[in-house]
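Worksheet: the structure to be examined is printed underneath.
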Amino acid sequence: MHRPLILLLPLALAACGGSPSSSPDPAATAPSNAAAAIPDAAPADHRPALEAYHWRLVEATTGTGAGIDALTGGSGDALQLDFSDGGVQVSNVCNNMAGNVALDDDRITVDQVISTLMACADPALTARESAIAERLPGTHRIALTVGPPPRLTLSLDNGDVLTFEGTPTAATRYGGAGETVFLEVAPERIACEHPASDGRCLQVREVRYDDEGIRTPGDADWTPLQEIEGFTFEDGVRSVVRVKRFDVPAPAVDAPAQAYVLDTVVESETAAQ
Numbered sequence: 003m004h005r006p007l008i009l010l011l012p013l014a015l016a017a018c019g020g021s022p023s024s025s026p027d028p029a030a031t032a033p034s035n036a037a038a039a040i041p042d043a044a045p046a047d048h049r050p051a052l053e054a055y056h057w058r059l060v061e062a063t064t065g066t067g068a069g070i071d072a073l074t075g076g077s078g079d080a081l082q083l084d085f086s087d088g089g090v091q092v093s094n095v096c097n098n099m100a101g102n103v104a105l106d107d108d109r110i111t112v113d114q115v116i117s118t119l120m121a122c123a124d125p126a127l128t129a130r131e132s133a134i135a136e137r138l139p140g141t142h143r144i145a146l147t148v149g150p151p152p153r154l155t156l157s158l159d160n161g162d163v164l165t166f167e168g169t170p171t172a173a174t175r176y177g178g179a180g181e182t183v184f185l186e187v188a189p190e191r192i193a194c195e196h197p198a199s200d201g202r203c204l205q206v207r208e209v210r211y212d213d214e215g216i217r218t219p220g221d222a223d224w225t226p227l228q229e230i231e232g233f234t235f236e237d238g239v240r241s242v243v244r245v246k247r248f249d250v251p252a253p254a255v256d257a258p259a260q261a262y263v264l265d266t267v268v269e270s271e272t273a274a275q
């Protein structure tokens, strides 16, 4: 929301002649009154900073300062928020969660939160999901501080305070939005000469889908690829992944000129023996 700034200019009063009055000139008080009438500066736009980082929860406390173990407990990666396109996604819980986001200066409103409904075998993840699902919807006070690392603080109306640390997204690190492509990953690695891959690379080929999500014929040739950031290869498992492809600015000697970052695994199956 943008509020116009009103600039109050002093009024120049022309002399009309006659004897000067001994009464105070009302215009003499105008500067102080005008200063009081000037509105606040335009509200801060937090959206670029929110979208530039992955936000990992590092602390969660109640209004009395007690820790919220349901949000911070358990093993594995911490609860994570990612903001983009007017929404927020929640990661490292049982299910995929997402909601709409509206920003208004130092207030953030999250609504229409939806989630998949898969069962979870990890009680800690189940508790974490319930705890964030209870707290995330609503309007909260937001504060961002510069780093390193940057910090995001959400102050809830019930007194809870959630503190997150930011790590740059791939788009931030590589300086652009990247290109979305689909890659099929073969179930076995192949020999390659790249020194950073211990002589064993992924074997991938680009695949395409039509507007109805049906794979189109004419797959590209298999090629070696050093890695897909965020993707864990399993020997004997064939996968199709959606990735972001980025041009690497000024790559190091022997380093690839493009980087591939996992978006999601589209399909996965154990290859026939």
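In this text, residue positions in the sequence shown follow the numbering used here: the first is 3, and each later residue adds one. Cβ atoms here follow ideal geometry from the backbone N, Cα and C, with glycine treated the same way.
Between the C-alpha atoms of residue i and residue j, what's the straight-line distance to the nearest angstrom?
i, j, result
"Ala-38", "Ser-157", "Confidence is the limiting factor: at Ala-38 the pLDDT is only 42, short of 50, which leaves the residue's position unreliable and the question unanswerable from this model."
"Arg-210", "Ser-117", "28 Å"
"Pro-189", "Ala-274", "10 Å"
"Arg-109", "Arg-143", "5 Å"
"Ile-192", "Trp-57", "36 Å"
"Ala-261", "Ser-270", "22 Å"
"Leu-73", "Thr-218", "43 Å"
"Asp-265", "Gln-91", "13 Å"
"Val-245", "Ala-145", "32 Å"
"Val-255", "Val-242", "30 Å"
"Ile-216", "Val-148", "45 Å"
"Asp-221", "Cys-194", "22 Å"
"Arg-247", "Thr-128", "33 Å"
"Gln-114", "Val-103", "9 Å"
Could you name the residues that DSSP lists as bridge partners for residue i?
i, result
"Thr-111", "Ala-104 and Thr-141"
"Ala-193", "Arg-202"
"Ala-179", "Answer is none; Ala-179 lacks a bridge partner."
"Leu-264", "Val-245"
"Glu-269", "Val-242"
Would you say residue i and residue j are within 9 Å of each other, going by their C-beta atoms?
i, j, result
"Leu-119", "Leu-83", "no"
"Val-268", "Phe-233", "no"
"Gly-67", "Val-112", "no"
"Glu-61", "Cys-96", "no"
"Ala-46", "Met-99", "no"
"Thr-169", "Tyr-55", "yes"
"Ala-133", "Ile-70", "yes"
"Gly-178", "Asp-249", "yes"
"Leu-164", "Thr-171", "no"
"Gly-89", "Gly-76", "no"
"Phe-85", "Arg-49", "yes"
"Gly-161", "Thr-64", "yes"
"Asp-107", "Asn-94", "no"
- beta strand (DSSP E) segments (min. 3 residues) lying fully within the segment 201 to 250: Runs of the beta strand (DSSP E) lying entirely within the segment 201 to 250, each at least 3 residues long, are 202 to 209, 225 to 227 and 239 to 249 in chain order.
- Quick one: complete alpha helix (DSSP H) runs, 4+ long, within the segment 56 to 98? Secondary structure within the segment 56 to 98: the alpha helix (DSSP H) runs of 4 or more consecutive residues, fully enclosed, are 71 to 74 (chain order).
- Please go through the segment 112 to 177 and give each complete alpha helix (DSSP H) segment of 4 or more residues, from N-terminal end onward. Segments of the alpha helix (DSSP H) lying fully in the segment 112 to 177: 125 to 137 and 172 to 176.
- Message: Does the segment 224 to 243 come into contact with the segment 200 to 210, if we say contact requires no fewer than three beta-carbon pairs (one atom in each stretch) closer than 8 Å?
- Response: In this structure the segment 224 to 243 lies against the segment 200 to 210, because at least three pairs of beta carbons, one per stretch, are closer than 8 Å.
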